[in-house]
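Residue numbers (our numbering): 190 to 844.
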Ligand code: AMP
């Protein structure tokens, strides 16, 4: 186990500066890989523009279908069109499943609401998909097909222009701000598989802010981006000043969006059918074709109610000769959306708090995501921020446009604009006594590199286990472990002497590398030979958004209690070290101590050790004063005994 070196000794930390590499590409496309729809854009003549797909549409449904014999893969509108006749092989909203375990509560909920099959991948417990033909695939593969489609739209565009970029496409891809390491890596891997050279992964709300900010670059200030799409909700607060876009804080939920409202509406439709057919035993939920038709009708009704106050749902022959016909009003839909809307409020408040701002400090609120077209949502956002949200940017296109602007910044087409994004949770390692020592606090700008010096906690320790955690709590056991590795081969030395540099590096995509180096100065040992081990935090250990939400909520809930516990734990660790010192002294000088004195000291050491153990195991608490008083008595007794030993030694030397 590691212990932190005293601050005054060797704590060093360096923060990476701006990552402003220029790539040697003329044009870099921007892709918004949305839960419901995707879009691709590119900057030309200094203007970002959306590229139309083959059908002339500016967005493409994020839907992939396998024809019944798996012979053909359809992407976008053709896939969506045949969904009603082939629902089990039509995959939509699969972004909600990326990087998730099958047993996740949210995945379990989706099992009943989707016509396609979600399975448990035996090897790693991830949520996977299965066609009726038995083809098994990860949700990121669906993202891959959509990305390939976006790439083809760009290639068609470049070919038409006679541009050489058609063959070698580089892209900036967006993800929800709250995507964890594993979800980001899965997205990057999907792009790589389809031959897209991903230069950067950026957060959706940040991209939207870029689109907005570039448009009105003269207007500096603080902006909030409220992004509610089909499957995810993100809120980000950014500072725009002189072309620097700095994300101050971000929050959200990767499993909250328009699909949730569709499901509530679907339930209402099924209930209405059941109440009209009380005597029938028809179970619409088990009829995948019927459910797909109901889903489409629910979404259509929801969208219509953004423009009219009442609409009719008509689904003929839903089962045999039975039909569905009902009227839904805007008021009823607003009532159904109440919980969904409510769940966006807390992340917004937390985000503003994290940005160390007050609501009145926000100059502009930008709406992104299809769901923000719903009048009730606009009203709630207006009430929340005390100002009318800005709707100049098209909510369906802003993210892709912003991604293309980031692409143009990277290729050097757009200059004097810099983007600084942040990491959503604190990252650090476990130190002696189970304490969480954060190296990178949450909402730190990325890319970032931080290094802190640690040392050994026990004499003669030759190896340390570096355990990497993510979270906001004081003790590691309340946070999430995201990786661990061993640094061995440390030459034997007294505790506190070895100098172990632990360094965390988060790249501009939000992906993390951790390394540890034994930097103890050694004579005749070349610096280059210093012992180093490192890991890239594995893609299977990412946090789910519920875990992130829970951890942040718990952290503020328990902050007082945590601070107290931390004090107790740190005090116990200090006492433990003094016990070990005392034991060593007794071992070294015990031969010259009086038996009674030795027994008294050791009784105190053992009593203290048992109390320290109680504190660490949470069996019993003792006041810090009580522990310190006992430590004081133990140290005094030991000191007295050693003084006597010194006198005896002097006397012996004289003889
Ligand atoms: P996005 O993920 O940004 O493409 O947003 C898609 C979500 O927005 C889906 O749940 C759509 O049903 C929903 N949506 C699109 N247009 C509207 C609208 N006019 N009113 C309400 N919801 C809409």
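Backbone N, C-alpha and C fix where the C-beta goes; we use that ideal spot for every residue, glycine too. As the structure is a computational prediction, the values presented were derived from the model and not from experiment.
For residue i, count neighbouring C-beta atoms within 10 Å of its own C-beta (all shown protein chains included) and say buried if the count is 16 or more, exposed if not.
i, result
"residue 317", "buried"
"residue 293", "buried"
"residue 829", "exposed"
"residue 645", "buried"
"residue 832", "exposed"
"residue 397", "buried"
"residue 442", "buried"
"residue 716", "Confidence is the limiting factor: at residue 716 the pLDDT is only 44, short of 50, which leaves the residue's position unreliable and the question unanswerable from this model."
"residue 394", "buried"
"residue 506", "exposed"
"residue 425", "buried"
"residue 848", "Residue 848 lies beyond the residue range present for the chain, which begins at 190 and ends at 844; the question has no answer from this structure."
"residue 227", "buried"
"residue 284", "buried"
"residue 323", "exposed"
"residue 369", "buried"
"residue 731", "Reliability of the predicted coordinates at residue 731 is poor, the pLDDT of 45 falling under 50, and no value is obtained from them."
"residue 681", "exposed"
"residue 807", "exposed"
"residue 575", "exposed"
"residue 496", "exposed"
"residue 346", "buried"
"residue 512", "exposed"
Regarding residue i and the ligand AMP, is the C-beta to nearest heavy atom distance less than 8 Å?
i, result
"residue 444", "no"
"residue 246", "no"
"residue 562", "yes"
"residue 495", "yes"
"residue 569", "no"
"residue 450", "yes"
"residue 302", "no"
"residue 224", "yes"
"residue 520", "no"
"residue 488", "yes"
"residue 492", "yes"
"residue 232", "no"
"residue 591", "no"
"residue 167", "Nothing about residue 167 can be reported from this structure: the residues present for the chain run from 190 to 844 only."
"residue 585", "yes"
"residue 557", "yes"
"residue 660", "no"
"residue 288", "no"
"residue 265", "no"
"residue 219", "no"
"residue 420", "yes"
"residue 447", "yes"
For residue i, report the span of its beta strand (DSSP E) as first-last.
i, result
"residue 586", "From DSSP, residue 586 is part of no beta strand (DSSP E); its letter is neither H nor E."
"residue 236", "236-239"
"residue 262", "262-264"
"residue 511", "511-518"
"residue 808", "First-last for residue 808: undefined, no H or E at that position."
"residue 506", "499-508"
Can you tell me where the alpha helix (DSSP H) holding residue i begins and where it ends?
i, result
"residue 422", "From DSSP, residue 422 is part of no alpha helix (DSSP H) but of the beta strand (DSSP E) over 422-430."
"residue 823", "813-843"
"residue 312", "Segment: none, residue 312 is in no alpha helix (DSSP H) and carries neither H nor E."
"residue 447", "447-465"
"residue 222", "No alpha helix (DSSP H) holds residue 222; the beta strand (DSSP E) holding it covers 217-222."
"residue 279", "Segment 279-281 is the beta strand (DSSP E) holding residue 279; no alpha helix (DSSP H) there."
"residue 548", "Residue 548 -> no alpha helix (DSSP H), and no H or E assigned at all."
"residue 567", "564-574"
By DSSP's criteria, residue i is part of a beta bridge. Which residues make up the other side?
i, result
"residue 249", "227"
"residue 769", "Answer by DSSP bridge pairing: none, since residue 769 is not bridged."
"residue 701", "695"
"residue 441", "423"
"residue 845", "Here the chain comprises residues numbered 190 to 844, so residue 845 is not present and cannot be evaluated."
"residue 474", "None; residue 474 has no bridge partner."
"residue 605", "In the DSSP output, where bridge partners are listed per residue, residue 605 has none listed."
"residue 689", "643 and 707"
"residue 290", "315"
"residue 411", "428"
"residue 579", "555"
"residue 274", "According to DSSP, which records beta bridges pairwise, residue 274 is partnered with nothing at all."
Ignoring anything shorter than 4 residues, give me the alpha helix (DSSP H) runs that lie fully in the stretch 613-682, in order along the chain. DSSP runs (the alpha helix (DSSP H)) wholly in the stretch 613-682: none.
If you scan the stretch 349-404 from start to end, which runs of the beta strand (DSSP E) of 3 or more residues do you find wholly inside it? As far as the stretch 349-404 is concerned, its whole beta strand (DSSP E) runs of at least 3 residues are 359-364 and 386-392.
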